[in-house]
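Visitor: Below is one structure. I have some questions about it.
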Amino acid sequence: MNTCEAMMRSTIPAYPINRPHPMQLLLASAKLMHDQSPTLPLAELSEPAFEQEARCFVNDLKAYTPDELQALYQCNETIARQNHARFAAFERVSPTIPALFAYNGQAYKHLNANTIDLDSLIYAQSHLWIVSFLYGLLRPLDGIHPYRLEGRAELATAGGKTLFEYWRPKLTEQLVEAVKADDGCLVWLAPDEFTHLVNWKRLNRVLKVVRPVFQVEKDGKRRTQAVWAKTCRGAMARMVLLERISRPEDLTAFAYEGFHYEPARGDQECPLFVRFNL
Numbered sequence: 015m016n017t018c019e020a021m022m023r024s025t026i027p028a029y030p031i032n033r034p035h036p037m038q039l040l041l042a043s044a045k046l047m048h049d050q051s052p053t054l055p056l057a058e059l060s061e062p063a064f065e066q067e068a069r070c071f072v073n074d075l076k077a078y079t080p081d082e083l084q085a086l087y088q089c090n091e092t093i094a095r096q097n098h099a100r101f102a103a104f105e106r107v108s109p110t111i112p113a114l115f116a117y118n119g120q121a122y123k124h125l126n127a128n129t130i131d132l133d134s135l136i137y138a139q140s141h142l143w144i145v146s147f148l149y150g151l152l153r154p155l156d157g158i159h160p161y162r163l164e165g166r167a168e169l170a171t172a173g174g175k176t177l178f179e180y181w182r183p184k185l186t187e188q189l190v191e192a193v194k195a196d197d198g199c200l201v202w203l204a205p206d207e208f209t210h211l212v213n214w215k216r217l218n219r220v221l222k223v224v225r226p227v228f229q230v231e232k233d234g235k236r237r238t239q240a241v242w243a244k245t246c247r248g249a250m251a252r253m254v255l256l257e258r259i260s261r262p263e264d265l266t267a268f269a270y271e272g273f274h275y276e277p278a279r280g281d282q283e284c285p286l287f288v289r290f291n292l
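For the sequence shown, the residue numbers in our numbering are 15 to 292.
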């Protein structure tokens with residue numbers, strides 16, 4: 015029985031979002047998304063914290079032609095037309111998709127939500143955030159619609175600001191409040207681009223932010239490769255959820271696809287995991 019089938023046969027309890035828990039995780043959304051929902055009753059999905067803001071942005075985007083979306087996304091015609099259709103049907107499409115199951119990028123392939131047990135999904139609902147240009151911040155079982163959006167977009171609802179500028183104060187306060195209500199530790203498993211959605215200096219000043227680094231070493235040179243970094247972020251999030259890891263120092267147990275912790279390099283805030291390509 016897969017996770018979604020199990021959820022159909024179970025009553026999901028109220029999500030204890032505000033109950034103190036160890037560590038919060040943050041993943042980035044992905045451009046690739048599924049268009050179909052798993053077989054999960056709609057009544058059992060939570061609502062995104064910034065649902066109304068997302069709907070306002072979608073109303074802005076409905077005014078864009080496919081050509082204008084293509085210019086905004088810097089993508090091909092097929093992607094532009096797909097998202098033009100998504101925005102046009104946004105409020106009519108039902109059911110929505112649980113956020114953790116909606117994204118189909120590299121990190122989510124290796125998190126592999128479809129094989130995570132029900133208890134771990136409920137645990138994730140209180141421990142994992144997904145940062146999104148459209149929805150702001152999401153919990154794993156928030157119901158969302160497929161979309162594509164870029165942080166540099168300037169939409170009418172944002173009052174002439176980019177989405178980075180619009181979301182920054184809102185997401186900073188939401189994260190600070192949520193993480194402080196826990197043990198004050200945030201594990202940041204998102205690319206550099208997404209640091210611009212928050213006040214990064216304030217986040218690091220008032221919270222303990224742990225930002226794992228994943229690098230490939232070959233011929234004595236180390237560098238970050240985007241595909242491997244995304245792969246490891248998803249796999250590390252999966253490890254934390256399944257094993258209920260509660261202390262950042264226990265992240266050093268992570269080992270995946272040849273990546274291992276390098277204790278002689280990095281530091282407590284940026285633990286380094288290296289794969290050696292010979």
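We treat Cβ as the ideally placed atom computed from N, Cα and C, and that holds for glycine.
Small disclaimer: the values here were computed from a predicted structure and weren't measured.
I need the straight-line Cα distance from Leu56 to Pro109, nearest angstrom please.
Guide: As a first step, residue 56 must be located in the sequence shown, where it is residue number 42. As a first step, residue 109 must be located in the sequence shown, where it is residue number 95. Low confidence applies here, because Leu56 scores a pLDDT of 45, under 50, leaving its location unreliable and the question unanswered by this model.
Visitor: Can you tell me which residues form a DSSP beta bridge with Lys45?
Guide: Along the sequence shown, one-based indexing puts residue 45 at 31. Lys45 is bridged by DSSP to nothing; it lacks a bridge partner.
Visitor: What residue range is occupied by the uninterrupted alpha helix (DSSP H) comprising Arg69?
Guide: Translated into positions along the sequence shown, residue 69 becomes position 55. Unbroken alpha helix (DSSP H) run through Arg69: 65-75.
Visitor: In whole angstroms, what is the alpha-carbon distance linking Pro52 and Leu86?
Guide: Within the sequence shown, numbered from 1, the residue matching residue 52 stands at position 38. Within the sequence shown, numbered from 1, the residue matching residue 86 stands at position 72. Distance between the alpha carbons of Pro52 and Leu86: 30 angstroms.
Visitor: Return the chain-ordered list of same chain residues with a C-beta closer than 7 angstroms to the C-beta of Tyr137, the five sequence neighbours on each side being excluded.
Guide: Taking the first residue of the sequence shown as 1, we reach residue 137 at position 123. If we look at Tyr137 and ignore the five residues flanking it on each side, its Cβ neighbours are Leu255, Arg258.
Visitor: Where are the beta strand (DSSP E) runs, 3 residues long or more, that stay fully inside the stretch 202-243, in chain order?
Guide: With a minimum length of 3 residues, the continuous beta strand (DSSP E) runs that stay inside the stretch 202-243 are 222-224, 227-232, 235-237.
Visitor: Rounded C-beta distance between Asn118 and Tyr161? I'm assuming under 8 angstroms.
Guide: Here residue 118 refers to the residue found at position 104 of the sequence shown. Here residue 161 refers to the residue found at position 147 of the sequence shown. Not really, about 13 angstroms apart at Cβ, beyond 8 angstroms.
Visitor: Give me the Cβ distance between Leu177 and Ala113, rounded to the nearest whole Å; I'm assuming they're in contact under 8 angstroms.
Guide: Counted from its first residue, the sequence shown places residue 177 at position 163. Counted from its first residue, the sequence shown places residue 113 at position 99. Leu177 to Ala113, Cβ: 18 angstroms. No contact.
Visitor: Where do the ends of the alpha helix (DSSP H) carrying Ile136 lie?
Guide: Here the question's residue 136 lines up with position 122 in the sequence shown. Ile136 -> alpha helix (DSSP H) spans 132-141.
Visitor: Is the Cβ-Cβ distance between Val212 and Leu185 less than 7 angstroms?
Guide: Here the question's residue 212 lines up with position 198 in the sequence shown. Here the question's residue 185 lines up with position 171 in the sequence shown. Yes; because the gap between Cβ atoms is below 7 angstroms, this pair is in contact.
Visitor: Between Lys175 and Phe290, what straight-line distance do the alpha-carbon atoms span, to the nearest angstrom?
Guide: In the sequence shown, counting from the first residue as 1, residue 175 sits at position 161. In the sequence shown, counting from the first residue as 1, residue 290 sits at position 276. Roughly 43 angstroms between the two C-alpha positions.
Visitor: On the DSSP bridge list, what partners appear for Gln84?
Guide: Along the sequence shown, read from residue 1 onward, the residue named residue 84 stands at position 70. According to DSSP, which records beta bridges pairwise, Gln84 is partnered with nothing at all.
Visitor: If you check the beta carbons only, do Leu41 and Leu155 fall under 7 angstroms apart?
Guide: As a first step, residue 41 is located in the sequence shown; it is residue number 27 there, counting from the start. As a first step, residue 155 is located in the sequence shown; it is residue number 141 there, counting from the start. Not a contact, by the Cβ cut-off of 7 angstroms.
Visitor: Report yes if the C-beta distance between Val220 and Val190 is below 7 angstroms; otherwise report no.
Guide: As a working mapping, residue 220 is identified with position 206 in the sequence shown. As a working mapping, residue 190 is identified with position 176 in the sequence shown. Going by C-beta atoms, Val220 is nearer than 7 angstroms to Val190.
Visitor: Going by beta carbon distance, what residues of the same chain come within less than 8 angstroms of Lys76, once the five residues before and after it are set aside?
Guide: As a position in the sequence shown, residue 76 is number 62, starting the count at 1. Contacts found: Phe101, Ala102, Phe104.
Visitor: Can you have a look at Asn16 and say buried or exposed, based on whether 16 or more other CB atoms are within 10 angstroms of its CB?
Guide: Numbered from its first residue, the sequence shown carries residue 16 at position 2. Annotation note: pLDDT 39 at Asn16 (below 50); position unreliable, coordinate value reported separately. Exposed: under 16 other Cβ atoms inside 10 Å.
Visitor: Give me, in chain order, the residues of the same chain whose beta-carbon lies closer than 6 angstroms to that of Thr245; leave out the 5 immediate sequence neighbours on both sides.
Guide: Walking along the sequence shown from the start, residue 245 turns up at place 231. Around Thr245: Gln120, His124.
Visitor: When you compare each of Ala68, Leu142, Ala192 to Arg247 by their alpha carbons, which one comes out closest?
Guide: Mapped onto the sequence shown, residue 247 falls at position 233. Residue Leu142 is the option with its Cα nearest to Arg247.
Visitor: Would you tell me roughly how many angstroms separate the C-alpha atoms of Ala170 and Ala116, rounded to the nearest one?
Guide: Numbered from its first residue, the sequence shown carries residue 170 at position 156. Numbered from its first residue, the sequence shown carries residue 116 at position 102. One C-alpha to the other measures close to 26 angstroms.
Visitor: Using C-beta distances below 6 angstroms, list every residue in its chain close to Cys284, excluding the 5 sequence neighbours before and after it, in chain order.
Guide: Within the sequence shown, numbered from 1, the residue matching residue 284 stands at position 270. Counting only Cβ-Cβ distances below 6 angstroms, and skipping sequence neighbours, we find Arg225, Val227.
Visitor: Report the option in Arg236, Ser134, Thr238, Cys199 whose CA atom is closest to the CA atom of Leu265.
Guide: One-based indexing of the sequence shown puts residue 265 at position 251. Per the Cα distances, Cys199.
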